[in-house]
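>
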Amino acid sequence: MPRMTAARAAVEILKREGVSNAFGVPGAAINPFYAALKASGGVNHTLARHVEGASHMAEGYTRAKAGNIGVCIGTSGPAGTDMITGLYSAIADSIPILCITGQAPTAVLHKEDFQAVDISSIAKPVTKAATTVLEAAQVPGVFQQAFHLMRTGRPGPVLIDLPIDVQLTEIEFDPELYEPIPVHKPAASRKQIERAVQMLNASERPVLVAGGGIINADASELLVEFAELTGVPVIPTLMGWGILPDDHELNAGMVGLQTSHRYGNANFLESDFVLGIGNRWANRHTGKLDVYTQGRTFVHVDIEPTQIGKIFAPDLGIASDAKAALTLFVEVARELKAAGGLKDRSAWAASTQERKATLQRKTHFDNVPLKPQRVYEEMNRAFGPETRYVTTIGLSQIAGAQMLHVYKPRHWINCGQAGPLGWTIPAALGVATADPEGTVVALSGDYDFQFMLEELAVGAQHRIPYVHVLVNNSYLGLIRQAQRNFDIDFQVNLEFENLNSPELGVYGVDHVKVVEGLGCKAIRVTEPDQLLPAFEEAKKLAAEFRVPVVVEAILERVTNIAMSGSDIASVNEFEDLATDPSHAPTAIRPLTAS
212 MPRMTAARAA VEILKREGVS NAFGVPGAAI NPFYAALKAS GGVNHTLARH VEGASHMAEG
272 YTRAKAGNIG VCIGTSGPAG TDMITGLYSA IADSIPILCI TGQAPTAVLH KEDFQAVDIS
332 SIAKPVTKAA TTVLEAAQVP GVFQQAFHLM RTGRPGPVLI DLPIDVQLTE IEFDPELYEP
392 IPVHKPAASR KQIERAVQML NASERPVLVA GGGIINADAS ELLVEFAELT GVPVIPTLMG
452 WGILPDDHEL NAGMVGLQTS HRYGNANFLE SDFVLGIGNR WANRHTGKLD VYTQGRTFVH
512 VDIEPTQIGK IFAPDLGIAS DAKAALTLFV EVARELKAAG GLKDRSAWAA STQERKATLQ
572 RKTHFDNVPL KPQRVYEEMN RAFGPETRYV TTIGLSQIAG AQMLHVYKPR HWINCGQAGP
632 LGWTIPAALG VATADPEGTV VALSGDYDFQ FMLEELAVGA QHRIPYVHVL VNNSYLGLIR
692 QAQRNFDIDF QVNLEFENLN SPELGVYGVD HVKVVEGLGC KAIRVTEPDQ LLPAFEEAKK
752 LAAEFRVPVV VEAILERVTN IAMSGSDIAS VNEFEDLATD PSHAPTAIRP LTAS
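What follows is the structure in structure tokens.
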């Protein structure tokens, strides 16, 4: 049997589990693993500037392509604790990433040695498993189990902590004999799916709520086929956006308190039956449950059995992987259609599209400073259906979800439940690493952008091109808007007069100088007619120089974006609504009179 260090065995397993890219920061306690990484070859490594950034890069990499598992690497002390936010983000959105940390020697783990910390205990609440390996011979089995856990059931992250002496110990291991453990996912029964379709067929105005679990299961095509067979309109969740194109005749719009379309909420409120697949009834989607559930029958399909009934009790719950369930949904629907047993939903579906053509928000503003709505309008013109958008949290994300258009799965890559500021830049770098020839466009407010600004240097060093749209109002915009309920505007304003860039007025940080100092390209826009040319120039610069290109749009200081604090029936619209097609020229459907 071949002999090698446990660290080398771990690297060989990574390759045999399909890992081709990793992100991290070396340190003393993880150097044996890095030595094995170099000696073995076959795994490209991207050096992050912050270890939290490495964890978000790994998540972006996973999200960009079915089957990807991003890997992040660092030491166990401050590097491991830095990656906790990335692990939380990943488990919250059911994203598999593998976090590998280097630990102090086993003999001193209880002696408060330098940078020794019980990282596995710290990470347990935000992982599917977190293990400090104390016996070198267990390393292959722990890695094998890690990949099995990440892929089995509800996907999620795993942390493996390797003491330095464990990494250096030689063990017997033959990579040629290694085999991944088969993945297990729960599957619906034919009887369960028949009952769900029977309930759907008995309704008058059904909708399908399509969640991120469908994208995780790589089952978007099956969802579209089922919708088209039955003629039932589809409401994608924020995490499921892109499962079917925005311009599809059965796309009824998104629902929620914040990231919603006016027509999406209106269509949902007209429904009487809801089949949710791969979704978790997130509170910003549902709002107050009495409004959301009143007068509706619910069927909930989810891969995680304990998710069913967690928010409210459905009329029927089915524990199943989305692909397994949708395969049966399509099978049953085909049989019923062939037998003439499906209701004609054409009038109901047409009514959802009529709302789509009448209930729109205004985007065309000529104001200076810019209104954010105009930024998204011009983004729709500049970036086509192949664009992968990446964003995390804030008014920029909320407005983007209300006004941008998405046409394919994995083309809206959004941090959903956790929403950490700073996620966007490293996640975009991970996405662009996974899809180096694709069009990747990140979207940030100025505060999200400043949180992990240093990671742009990673894009410059490793030649990772993408376009970053930065909407700058020098405010914590979402928090300022929320503070209206408390009649305060406190500790949310970022403005100051920059002594080195007086032309900015009170907008403070000179992002163009900082971005250029990090080796990237930047364009500042102050006039609405400059937006489209700037986006076109940014695409050219990214292609030519192979680095991130930032387009900074200087916004008016205060803009309130449409949202509700309570329920989906009472969204506050702060701006004038579209009443003429020229008010929303890039809307999916041209505006018609209501």
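Take the position in the sequence shown, starting the count at 1, then add 211; the result is the number in my numbering.
We treat Cβ as the ideally placed atom computed from N, Cα and C, and that holds for glycine.
Check for me: the beta strand (DSSP E) holding Pro-374 runs from which residue to which?
369-374
> Does Pro-801 pass the burial test, meaning 16 or more other C-beta atoms within 10 Å, or should it be called exposed?
exposed
> Is DSSP giving Met-212 helix, strand or coil here?
coil
> On the DSSP letters alone, give me the boundaries of the alpha helix (DSSP H) that Ser-266 sits inside.
262-275
> Given a threshold of 16 other Cβ atoms within 10 Å of its Cβ, counted over all protein chains shown, does Ala-250 qualify as buried or as exposed?
Exposed, because fewer than 16 other Cβ atoms sit within 10 Å of the Cβ of Ala-250.
> Let me make sure I understand the geometry here. Which of Ala-217, Glu-589, Asn-232, Ala-334 has the alpha-carbon closest to that of Asn-279?
Asn-232
> Terminal residues of the continuous alpha helix (DSSP H) containing Ile-426?
423-427
> At which residues does the beta strand (DSSP E) containing Ala-493 begin and terminate?
Where Ala-493 is concerned, there is no enclosing beta strand (DSSP E), given that its DSSP letter is neither H nor E.
> For Glu-589, count neighbouring Cβ atoms within 10 angstroms of its own Cβ and tell me buried if that reaches 16, exposed if not.
Looking at its Cβ environment, which holds 16 or more other Cβ atoms inside 10 Å, Glu-589 is buried.
> Tell me which same chain residues have a C-beta within less than 6 Å of the C-beta of Arg-585, skipping the five on either side of it?
Taking Arg-585 as the centre and dropping the five residues before and after it, the same chain places the C-beta of Phe-576, Pro-739 closer than 6 Å to its C-beta, in chain order.
> Counting C-beta neighbours from all protein chains within 10 Å, is the total for Glu-270 16 or more, i.e. buried, or is it exposed?
So Glu-270 ends up on the buried side.
> According to the neighbour-count rule (16 or more other Cβ atoms, all chains shown, within 10 Å of its Cβ), is Glu-648 buried or exposed?
exposed
> Which residue marks the beginning of the alpha helix (DSSP H) containing Leu-640, and which one marks its end?
635-645
> Are the Cβ atoms of Ile-371 and Cys-310 separated by less than 9 Å?
Contact check for Ile-371 against Cys-310 passes: the beta carbons are separated by less than 9 Å.
> Would you say the region 763-781 touches the region 554-561, given that touching needs at least three Cβ pairs under 8 Å?
no
> Using C-beta distances below 7 Å, list every residue in its chain close to Gly-288, excluding the 5 sequence neighbours before and after it, in chain order.
Gln-326, Ala-327, Val-328
> Mapping the DSSP letters down to three states, classify Lys-732 as helix, strand or coil.
strand
> Between Gly-229 and Gly-688, what straight-line distance do the alpha-carbon atoms span, to the nearest angstrom?
Straight-line Cα distance between these residues: approximately 41 Å.
> Taking all protein chains shown into account, do 16 or more other C-beta atoms lie within 10 angstroms of the C-beta of Pro-417, making it buried, or fewer, making it exposed?
Per the 10 Å Cβ criterion, buried.
> Going by DSSP, which residues form a beta bridge with Thr-517?
According to DSSP, which records beta bridges pairwise, Thr-517 is partnered with nothing at all.
> Is the beta carbon of Thr-650 sitting closer than 9 Å to the one on Gly-595?
yes
> How close, in whole Å, do the beta carbons of Tyr-272 and Thr-644 come, if the pair is a contact with beta carbons under 8 Å?
Confirmed, Cβ separation roughly 6 Å.
> With DSSP as the reference, label Arg-566 as helix, strand or coil.
helix
> For the ligand FAD, I want to know if Phe-707 counts as a neighbour, meaning its beta carbon is within less than 8 Å of at least one of the ligand's heavy atoms.
Looking at this structure, you won't find the ligand FAD or any other ligand, since it has none at all.
> Under 8 Å by Cβ, that's how I've got Gly-627 and Met-450 pegged, so tell me the actual separation to the nearest angstrom.
Confirmed, about 5 Å.
> Between the region 783-793 and the region 555-573, can you find at least three pairs of beta-carbon atoms closer than 8 Å?
yes
> By the 10 Å Cβ neighbour count, where 16 or more other Cβ atoms means buried, how is Met-212 classified, buried or exposed?
exposed
> Does the contact criterion of 3 or more C-beta pairs under 8 Å hold for the region 376-386 versus the region 403-415?
no
> In the DSSP assignment, find the unbroken alpha helix (DSSP H) run with Thr-806 in it and report its ends.
Lying outside 212 to 805, the shown extent of the chain, residue 806 is not represented and no answer is given.
> Of all the alpha helix (DSSP H) runs that stay within the bounds of the region 394-448, which reach a length of 4 or more residues?
Counting only runs of 4 or more residues that sit fully inside the region 394-448, the alpha helix (DSSP H) segments are 401-413, 423-427, 431-441, in chain order.
> Helix or strand or just coil, what does DSSP make of Asn-709?
coil
> I need the DSSP call for Arg-545, collapsed to helix, strand or coil.
helix
> Spell out the partners DSSP gives Thr-508 in its beta bridges.
For Thr-508, which the question treats as bridged, DSSP gives the partners Phe-484.
> Using 8 Å for Cβ pairs, my map puts Val-236 next to Ala-259. What's the rounded Cβ distance?
6 Å
> When DSSP labels each residue in this structure, what does Trp-559 get in the three-state scheme?
helix
> Cβ of Arg-592 within 9 Å of Cβ of His-622?
For Arg-592 and His-622, no; Cβs fall outside 9 Å.
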